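S.K.: Below you'll find the structure I mean.
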């Protein structure tokens with residue numbers, strides 16, 4: 014029965030995947046260009062430090078945006094005529110802005126203890142805007158740094 018359900022779900026997913034692949038790379042690039050103006054939110058643990066490359070062992074306790082209001086971010090972007098918001102979900106500090114199960118180095122270990130990414134996605138969708146994510150493969154907290162060779166085991 015489990016195999017039947019898995020097969021059925023896989024078959025149902027095929028048309029959706031095919032529809033998603035109907036756009037060419039050129040078409041997708043043009044759609045991005047047509048958006049014209051967007052907001053890049055570079056927000057995370059380094060926000061509370063004096064350098065972009067923060068201490069790799071900096072405590073999540075440092076991250077405490079007590080007045081966080083993602084609806085306000087979206088309203089500000091809309092008032093400037095922006096069509097999308099791109100947010101750093103994990104910058105090279107390794108600090109994750111969502112409730113991840115892969116590390117405790119995230120917003121859920123901070124005093125805020127809220128899923129900032131989920132809140133922003135909800136705010137953006139509610140406003141009818143588009144959301145994009147910036148995810149850095151570098152991760153100084155987990156010792157994936159530019160000076161080290163990148164291997165599949167480290168990624």
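Residue numbers (my numbering): 14 to 168. Think of the CB as a built atom: it goes at the ideal place given N, C-alpha and C, for glycine as much as any other residue. As the structure is a prediction and not an experimental result, all values here were calculated from the model.
Please report the Cβ distance between residue 97 and residue 143, rounded to the nearest whole angstrom; I am assuming they are in contact, meaning their Cβ atoms lie under 8 Å.
M.R.: With a Cβ gap of about 4 Å, residue 97 and residue 143 count as contacting.
S.K.: Cα separation between residue 138 and residue 71?
M.R.: Distance between the alpha carbons of residue 138 and residue 71 is about 32 Å.
S.K.: Give the secondary structure of residue 52 by DSSP, where H, G and I count as helix, E and B as strand, and everything else as coil.
M.R.: Looking at residue 52 - three-state DSSP - the assignment turns out to be strand.
S.K.: With C-beta atoms as the reference, is residue 125 less than 8 Å away from residue 76?
M.R.: Result yes, Cβ atoms of residue 125 and residue 76 sit closer than 8 Å.
S.K.: Could you spell out the range, first to last residue, of the alpha helix (DSSP H) harbouring residue 138?
M.R.: From DSSP, the alpha helix (DSSP H) with residue 138 extends over 129-139.
S.K.: Using a Cβ distance threshold of 8 Å, determine whether the region 146-157 contacts the region 105-121, with at least three qualifying pairs required.
M.R.: As far as the Cβ criterion goes, the region 146-157 touches the region 105-121, which means the pair count is three or higher.
S.K.: Is DSSP giving residue 108 helix, strand or coil here?
M.R.: DSSP places residue 108 in coil when its eight states are reduced to three.
S.K.: Are the CB atoms of residue 83 and residue 119 nearer to each other than 8 Å?
M.R.: Not closer than 8 Å, so no.
S.K.: Who are the Cβ neighbours of residue 140 in its own chain at under 7 Å, not counting the five residues just before and after it?
M.R.: So the qualifying residues of the chain are 87, 91.
S.K.: Rounded to the nearest angstrom, what separates residue 101 and residue 54 at their Cα positions?
M.R.: Those two C-alpha atoms are separated by around 6 Å.
S.K.: From the DSSP output, read off the bridge partner residues of residue 150.
M.R.: Answer by DSSP bridge pairing: none, since residue 150 is not bridged.
S.K.: In whole angstroms, what separates the C-alpha of residue 38 from that of residue 148?
M.R.: Computed Cα separation, rounded: 20 Å.
S.K.: Apart from the five residues on each side of it in sequence, which residues of its chain come closer than 6 Å, Cβ to Cβ, to residue 122?
M.R.: Within the same chain, residue 122 has close Cβ partners 73.
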